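Numbering (our numbering), first residue to last: 1 to 83.
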């Protein structure tokens, strides 16, 4: 386990990688984290809006999410591999 890892370290580490962004409204978006700023404004590429049970509701391509709407940013859950 890494010691003294900050949220900024996490965000720098996931730039250019798949993330899940959950909004205060409960809506979730999946996409590639293109960039973000100090206000947590987020630019995503290959963006998908996710509904209950992980189903894709809509695909947007590039999307901008205003930081004051963001509840959290996480990496996608890993799917178990078979065999």
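Built from N, CA and C at the ideal position, the CB exists for glycine as well. Values in this document were obtained by computation on a predicted structure and should not be read as measured data.
Outcome for residue 28 when other beta-carbon atoms lying within 10 angstroms are tallied against a minimum of 16: buried
Alpha helix (DSSP H) containing residue 20: first to last residue? Residue 20 -> not in any alpha helix (DSSP H); beta strand (DSSP E) instead, spanning 18-23.
Among 6, 25 and 30, which one has its Cα closest to the Cα of residue 63? 30
Supposed close pair residue 47, residue 39 - CB separation, criterion 8 Å: With a Cβ gap of about 19 Å, residue 47 and residue 39 do not count as contacting.
Burial state of residue 15 (16 or more Cβ within 10 Å): exposed
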